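Numbering (this note's numbering), first residue to last: 276 to 642.
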């Protein structure tokens, strides 16, 4: 009778994995702190996209004073508001009082017949308007993008880093909590260690990807509302690749977080084991920010599993990567993911029931 009951109540591997994943999901979704922080993140993302659109669509106005003949130079020029003055003294007074940013006055001694008067520095927009720049040909042009490249680096890097930390850290802390309270012994009597690890990774991966998808939806709405359809059309492909790379990159990091948590038995010790994983999560963000305009560094970063989710989408956005490069990078990511998950599972399985002192990495790999 007992044998029959155990047979009917035994969980299949898939049921065991989903049971753990469902527990991870329900724990997060019942947390008010998580729901509030997610809502704030989405609102900040929406506000940021709309603000960027409004700022780019609003032309800056340079206030200029000019004598009647000098003002003819700015006729038809956009971005300038001209106040006519009678003479140089009146123009200088407006500049000194801060009513205008600069002044144009006639001066026969000047090569151009016009002099720009400013307080501390002449507005670059005015100087460029009055200058005639020659055609420039560059043998080694710098990567395109400028400010947009920097913004994309911050956006992709910050989303990857924050999501990995937000959903990866609880994996490690929950493993330590289960060890510290001895709950792990009960769990292992019902579910094998590897299935327990798989459930934790899957549950938190679903949460992380769901948050990414929500950010994509909110960002798309913001771009449409602010009229940035050109940016929306160009960024669709890179965002899709970012989601793919993020999916496997997060699985890789989640396995490392779980393995890091299994090495210790007290919450006070978990910080030391998580530090290397935190570095691997944060370093790609800073590398892309600091070296985003370096084509060689960005090419290398787009093939490193921990930085590929950030570097490759940026290169794709600026058409700097061949069609096969994201595929090759994804293959490297899959191989690295498989290796790290297997190692993480072994460390996790061998360390769960070891209490007391911190388990050494070398010992955790031994049977």
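Glycine included, C-beta positions come from ideal geometry on N, C-alpha and C.
From a predicted model like this one, the values you see are computed outputs, not experimental measurements.
Exercise. According to DSSP, what are the bridge partners of residue 634?
Worked result: DSSP output for residue 634 lists no bridge partner at all.
Problem set entry | Contact under 8 angstroms by Cβ, residue 539 with residue 633 | yes
For this session: Look at residue 379 and residue 345 and say whether their C-beta atoms are less than 8 angstroms apart.
Result: yes
Exercise. Counting only runs that start and end within the region 591–632, where is the alpha helix (DSSP H) found for 4 or more residues in a row?
Worked result: 600–626
For this session: Output yes or no for whether 8 angstroms exceeds the beta carbon distance between residue 537 and residue 450.
Result: yes
For this session: Can you check DSSP and say which residues form a bridge with residue 358?
Result: 340
Problem set entry | Extent of the continuous alpha helix (DSSP H) run through residue 487 | 468–500
Exercise. Does the separation of the CB atoms of residue 581 and residue 424 fall below 8 angstroms?
Worked result: no
Exercise. Could you give the residue range of the beta strand (DSSP E) that holds residue 381?
Worked result: 377–381
Exercise. DSSP on residue 391, reduced to helix/strand/coil?
Worked result: In the structure shown, residue 391 sits in a strand (DSSP, three-state: E or B).
Exercise. Quick one: what does DSSP say residue 396 is sitting in, helix, strand or coil?
Worked result: coil
Exercise. Quick check: the region 294–305 against the region 473–482, are there 3 or more CB pairs under 8 angstroms?
Worked result: yes
Problem set entry | Straight-line Cα distance separating residue 565 from residue 328 | Each residue's Cα considered, the two are about 25 angstroms apart.
Exercise. In angstroms, rounded to a whole number, what distance separates the CA positions of residue 516 and residue 474?
Worked result: 25 angstroms
For this session: Reducing DSSP to helix, strand and coil, say where residue 452 ends up.
Result: helix
Exercise. Taking all protein chains shown into account, do 16 or more other C-beta atoms lie within 10 angstroms of the C-beta of residue 398, making it buried, or fewer, making it exposed?
Worked result: A buried status is given to residue 398, since no fewer than 16 other beta-carbon atoms sit within 10 Å of its beta-carbon.
Exercise. Apart from the five residues just before and just after residue 472, which ones in its own chain have a Cβ nearer than 8 angstroms to its Cβ?
Worked result: 530, 533, 619, 620, 623, 624
Exercise. Between the beta-carbon of residue 436 and the beta-carbon of residue 548, is there less than 8 angstroms?
Worked result: no
For this session: Within the same chain, show all residues whose beta-carbon is closer than 8 angstroms to that of residue 535, passing over the 5 residues directly before and after it, in chain order.
Result: Within the same chain, and ignoring the five residues on either side of residue 535 in sequence, the residues whose Cβ sits closer than 8 angstroms to its Cβ are 447, 545, 548, 549, 551, 552.
Problem set entry | Member of 579, 369, 616, 499 whose CA lies at the smallest distance from the CA of residue 600 | 579
Exercise. In this structure, does DSSP put residue 370 in helix, strand or coil?
Worked result: Of the three classes helix, strand and coil, the one that applies to residue 370 here is helix, per DSSP.
Exercise. Taking DSSP as the reference, what is the three-state secondary structure of residue 290?
Worked result: helix
Exercise. With C-beta atoms as the reference, is residue 390 less than 8 angstroms away from residue 401?
Worked result: no
Exercise. What separation, rounded to the nearest whole angstrom, lies between the Cα atoms of residue 630 and residue 453?
Worked result: Approximately 11 angstroms, taken between the alpha carbons.
For this session: Please classify residue 375: is it buried, with 16 or more other beta-carbons within 10 angstroms of its beta-carbon, or exposed?
Result: buried
For this session: Let me know if residue 609 comes out buried or exposed under the rule of 16 or more other beta-carbons within 10 Å of its beta-carbon.
Result: exposed
For this session: Could you round the C-beta distance between residue 466 and residue 616 to whole angstroms and report it? I think they count as a contact, below 8 angstroms.
Result: The C-beta distance from residue 466 to residue 616 rounds to 18 angstroms, too long to fall under 8 angstroms, and the pair is not in contact.
Exercise. How should residue 641 be labelled, buried or exposed, when 16 other C-beta atoms within 10 angstroms of its C-beta is the threshold for buried?
Worked result: exposed
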